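Below: one structure, written as structure tokens.
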Amino acid sequence: MIVVREYEAMLKAYGKAGGNLDALKDKEVGNLVIHGNEVLSANEVEGIEIETEETETGVNVRLLVEEGAKIKYPVHLCFGVLPQEGLQQIILRVEAQADSAVAAVAHCIFPNAVEVVHKMDADINIGDGAKFCYQETHYHGELGGVKVIPKARIRVGKKGMWQSTFTLIEGCVGMLDYDFELFGDEKSVSELLVKAFGKREDEINVLEKLHLDGKEARGLAKSRLVLNDNARATVRGETYGNAPFTRGHVDCLEIVNGKGVIARAIPLVYVNDRRAKVTHEAAIGSIDNKQLQTLMARGLSEEEAIDVIVKGILR
Amino acid sequence: MLEIRSLRLTLNGKPVIDGLDFKVREGKIHGLLGVNGTGKSTLANLVMGISYPDEGSIVFEGQDITRYTVTERARMGITLAWQEPARFEGLSVREYLSVSRELDSTEIENYLWVVGLPPAEYLNRAVDGSLSGGERKRVELASVIAMKPKLAILDEPDSGIDVISLPHIMNGITEMSKQGSAVLLITHSEEAATVAKELSIMCAGRIINSGPPREMCQWFRNNCAACNHIGEPRYRGA
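Residue numbers (my numbering), protein chains in the order written: chain A, 4 to 318; chain B, 8 to 245.
Below, the structure is given as structure tokens:
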């Protein structure tokens with residue numbers, strides 16, 4: 004009975020957070036719903052195996068995408084802690100076998116958090132020719148009492164593709180310590196993107212590391228941050244061109260929009276093959292004056308114009 | 008509709024706008040022709056409220072708006088399209104056109120057609136660096152038309168664009184006039200200036216002559232092209 008209540012509460016929060024409730028009920032759509040350390044729902048579809056093991060502090064999850072499987076609908080994942088306090092530790096093992104293709108949409112929900120810790124340790128293997136798109140969106144309350152610590156080690160096989168987007172723009176961030184490290188094999192294509200909106204006393208640390216180890220591997224580490232009030236952020240984007248004809252780029256933009264804001268960007272580009280090329284661009288600054296004036300010349304107030312610009316950057 | 012009286016602005020000790028008097032009539036295209044550095048863009052910024060003059064006044068529809076903010080002027084019906092339009096990450100053409108007022112899909116599509124951009128191809132494009140200079144200027148003009156302003160200040164809408172974009176830009180300006188907007192068209196292209204009903208020649212922060220476009224273009228060729236005295240014109244007081 005308690006599990007049913009929690010499931011319903013999670014669904015309600017998931018719906019409020021903009022999640023697709025129909026997708027969680029549809030048998031043709033793979034899903035996994037975890038509240039705290041309880042698995043409330045898991046639905047496998049053809050080509051996907053989901054194994055879970057509840058632990059004292061969270062859940063161990065193993066997700067397997069079978070060789071050659073092309074998964075029609077995105078797999079929906081929902082993780083959350085609804086009470087004010089709690090620890091959720093997700094240990095995630097993903098194996099996307101050769102030539103498979105899948106998209107996963109994760110919603111992480113902590114609407115009432117006062118002292119909540121959400122940790123994810125992911126070990127992800129993308130097989131040769133496989134494609135994996137991972138989109139993680141967080142929904143936090145306004146109290147900022149969450150520590151989010153997602154860490155992932157991703158290996159992308161030959162001609163494989165990885166694309167991930169981590170979004171935390173609803174509610175207060177609290178503390179974010181994002182650490183994704185990716186190793187790309189020959190002709191792989193990889194993209195890491197982080198979008199966060201820091202407010203009040205939020206603290207954001209982002210580390211995106213790309214090791215382009217195979218010939219002609221390509222990668223992009225991108226981040227978009229907007230910081231208000233007294234928010235602090237440090238973004239480290241590192242790209243290593245370790246093989247011939249690798250191409251990598253670090254692209255960091257931090258908009259500073261508060262008197263107490265502290266923003267840092269630390270790009271690192273490293274090449275140990277003369278035929279590799281890695282580049283970086285990092286910009287920290289206030290809202291672009293020309294953008295502001297353009298929108299104000301269309302009749303928007305300064306606040307409305309800032310809102311439009313910020314939403315665009317974080318989209 | 009717009010009356011500028013004895014406007015002066017000095018920057019770094021040099022008069023950039025030097026006692027300028029000027030009028031734009033309702034629903035008409037008024038061209039402003041001049042070589043680089045004569046203060047045309049500065050005048051555009053003063054009219055829009057991006058910067059403020061040291062002396063003189065700007066009167067719009069009988070109201071002194073000299074100290075009004077950009078937003079206040081825009082809400083009265085004045086807008087400006089910059090020579091180098093801003094680019095916006097994550098903002099689609101559809102959203103950009105609707106930023107000033109609610110528009111339905113048909114209206115947005117119509118405004119894009121006016122500037123020669125097929126809606127199916129452009130509606131969901133971002134107004135960022137992925138658009139070429141010509142495309143961006145056409146989107147900018149479409150957004151100005153979509154606002155239905157009483158006065159649109161177009162700062163060199165024809166500069167730096169390809170030959171394919173130019174007729175669409177000119178078409179957009181003409182359409183804007185047909186919908187009842189007055190246009191202050193800043194240019195240094197004689198070809199662009201000919202769409203105007205009246206043309207003024209600007210030099211060293213002043214209007215030095217005004218009249219019918221073809222006559223003024225001829226006057227400009229005969230006098231200004233040979234002048235080269237940017238900032239120190241021979242025609243001071245002409």
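Ideal Cβ placement from N, Cα and C applies to all residues, glycine included. Please read all numbers here as calculations on a predicted model, not as lab measurements.
Residue pairing by DSSP places A:Gln91 opposite A:His121 in a beta bridge. In this structure, B:Trp89 sits away from B:Asp135, with a CB-CB distance that is not shorter than 8 Å. The residue among A:His121, A:Ala285, A:Leu195 and A:Gly288 with its C-alpha nearest the C-alpha of A:Leu90 is A:His121. B:Met83 carries a helical assignment under DSSP once its states are collapsed to helix, strand and coil.
B:Gln90: not part of any alpha helix (DSSP H); DSSP gives it neither H nor E.
Taking a Cβ-Cβ threshold of 8 Å, none of the residues of chain A is close to B:Met8; the smallest such distance is about 17 Å.
With a 10 Å radius around the Cβ and a threshold of 16 neighbouring Cβ atoms, B:Asp28 comes out exposed. Of the residues assessed, A:Asn46 falls on the buried side of the cut-off, its CB having 16 or more other CB atoms within 10 angstroms.
Within 9 Å of the CB of B:Glu96, the CB atoms of chain A belong to Arg227, Leu256, Ile312, Gly315, Ile316 and Arg318, in sequence order along the chain. Inclusion of B:Pro174 and B:Thr86 in the CB contact set at 8 Å is not warranted, their separation being larger than that value. Judged by their CB atoms, A:Gly177 and A:Val209 are not nearer to each other than the 8 Å cut-off. Of the candidates B:Arg108, B:Gly187, B:Leu104 and B:Glu109, B:Leu104 places its Cα closest to the Cα of B:Trp120.
Contacts between B:Val54 and chain A, judged by CB atoms closer than 8 Å, are missing: the closest CB pair is about 11 Å apart.
Listed by position along chain A, the residues whose Cβ is nearer than 9 Å to that of B:Thr86 are Ala300, Arg301 and Gly302. Annotation: A:Thr60 has no Cβ neighbours in chain B at a cutoff of 9 Å; minimum Cβ distance is about 37 Å.
Annotated three-state conformation of A:Leu85 is coil, per DSSP. Excluding residues up to 5 positions away in sequence, Cys224 lie with their Cβ nearer than 6 Å to the Cβ of B:Glu197 in the same chain.
Annotation: Cβ neighbours of A:Gln296 in chain B (cutoff 7 Å, chain order): Ile57 and Val77. A:Gln296 sits in a helix when the DSSP states are folded into three classes. With respect to chain A, the C-beta atom of B:Met183 has no partner C-beta closer than 8 Å.
Contact with chain A is found for B:Ala93, since one of that chain's Cβ atoms lies less than 8 Å from the residue's Cβ.
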